[in-house]
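Here the structure comes first, spelled out in structure tokens, and everything after it is commentary.
The following block contains the structure:
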């Protein structure tokens, strides 16, 4: 347990690990999926897997919004960015996400005006400052991020800013969870629910997980002790024969979510009939589009968007990694052809992607099967 | 990218309703508070900040815990601070 000493609360972590060992001893091996990329990053960063009993395995799910963007949508964004007079604004972690032919960063190098912003409101401010440009905000993210885009669209309409639009790729957390639970050969005993996404939607939308699929779910914070406590709560539910949604992260997440944020989503977006997820394929009602009332600010209507589906590279196994069927280091190109500097797959791009997190911190995991020297 | 960062409210209504100046590790910028204003927000209080929006109120102890934890997170923290401190491109 040499790394426990590095936790800020080693005492609490030791107690939790002892309780986890005791709870795990009475039950068969368990596989828990953490849905959120923030959890994945923290788990690798702190070597949490190595501290858990070997009968407990953590599987990394599809909860990184950058990792699930399909290549065709990246190509669409690049096509918009290359259009005459367009300034494309995006979050920094979208720059290196590979499309079918290139990345936004490469498009920028070839002359497209691509700029990194901190907030969608910065993109709107840029539109006001550059009245002769068409400023497009490349919106990605789960329910945590979508309300911010909603506020920005409301402000654009209110202030009559006509040279601004949103290329919307917002996704929702429940449909991919359902898709994973419906996938054949499902081998999961429970879920660590996302932390900050749940500040918006609350814990109620997860009820279908225990009620329809018989798996417990515990929403968890991001600190090592949060994650350990959530694992313990899952183990206790299983050993006591209970199956429910529980909230480890009460100090931040409420059961009801944020009414104002949810109202903003309903006002500004409509649910898409289907949306493609990298590696998971098309999932019904899993993404948001700009509502017809905001059509003048919808980049998909304003610009020519190719909308061509691009198959993932054959060598890339991000889909299997996102479903938890494959561990990052089991992918054929992990750490060789695919690295954070030259990613083939999206899981290697974002620091919250399972592959990038493992590449950077995998040396802390006692279960790594390959020597990871690459992070030095 | 879904991890919020704790920020302390420095000034309310900096550019009209639902705006505030917040401080993150000594850096300051204006953010939108529409999603927490229903709960009432006061100068000195803490919020979890995500892409320029206050997502929820947190208490000072939680803010300190989360900041200490995020510093340990390395790249995720660096990216958030860098992004927060970024001027209009």
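Chains as they are written, first to last, in this note's numbering: chain A, 545 to 920; chain B, 91 to 179. Built from N, CA and C at the ideal position, the CB exists for glycine as well.
By the neighbour-count criterion, in which a residue is buried when 16 or more other Cβ atoms sit within 10 angstroms of its Cβ, residue 859 (chain A) is exposed.
Chain order gives the chain A residues near residue 124 (chain B) as 695 and 804, where near means a beta carbon separation below 7 Å. When beta bridges are read from the DSSP output, residue 110 (chain B) appears opposite B:102 and B:121. In the DSSP secondary-structure assignment, residue 684 (chain A) is bridged to A:713. Where residue 790 (chain A) is concerned, the enclosing beta strand (DSSP E) starts and stops at 789-791.
Using a Cβ-Cβ cut-off of 8 Å, residue 893 (chain A) is close to nothing in chain B; its nearest Cβ partner there is about 11 Å away. Here residue 586 (chain A) is near residue 771 (chain A), since their CB atoms are less than 8 Å apart. Residue burial annotation: residue 591 (chain A) is buried, with at least 16 other C-beta atoms found within 10 angstroms of its C-beta. In chain order, 820 and 822 place their CB closer than 6 Å to the CB of residue 614 (chain A), counting only its own chain and leaving out the 5 sequence neighbours on each side. Residues of chain A with a Cβ closer than 7 Å to the Cβ of residue 103 (chain B) do not exist; the shortest Cβ-Cβ separation is about 16 Å. Collapsing the DSSP output to three states places residue 583 (chain A) in a helix. For residue 653 (chain A), the enclosing alpha helix (DSSP H) starts and ends at 648-653.
Within the segment 548-575 of chain A, the complete alpha helix (DSSP H) segments at least 4 residues long are 554-569, listed from N- to C-terminus. Secondary-structure assignment with DSSP links residue 617 (chain A) through no beta bridge to anything. Following the DSSP letters along the chain, one finds residue 899 (chain A) in no beta strand (DSSP E) but inside the alpha helix (DSSP H) bounded by residues 898-905. In this chain, the beta strand (DSSP E) harbouring residue 632 (chain A) covers 630-634.
For residue 820 (chain A), DSSP records a beta bridge to A:826. The CB of residue 173 (chain B) comes closer than 7 Å to the CB of 636 and 662 in chain A, given here in chain order. At a beta-carbon threshold of 9 Å, none of the residues of chain B lie near residue 775 (chain A); the nearest stands roughly 17 Å away.
Pairing residue 152 (chain B) with residue 795 (chain A) gives a Cβ-Cβ distance under 8 Å. When C-alpha distances from residue 150 (chain B) are compared across B:99, B:104 and B:136, the shortest belongs to B:136. Unbroken beta strand (DSSP E) stretches of 3 residues or longer found wholly inside the segment 135-174 of chain B: 136-140 and 143-148, given in chain order. Under the 8 Å criterion on CB atoms, residue 886 (chain A) is classed as non-interfacial with respect to chain B. Of all residues in the segment 558-592 of chain A, those with a C-beta nearer than 9 Å to a C-beta of chain B are 580, 581, 582, 585, 586, 589 and 590, reading in chain order. For residue 667 (chain A), the enclosing alpha helix (DSSP H) begins and ends at 664-673. With fewer than three CB-CB distances shorter than 8 Å, the segment 845-857 of chain A does not count as touching the segment 865-872 of chain A.
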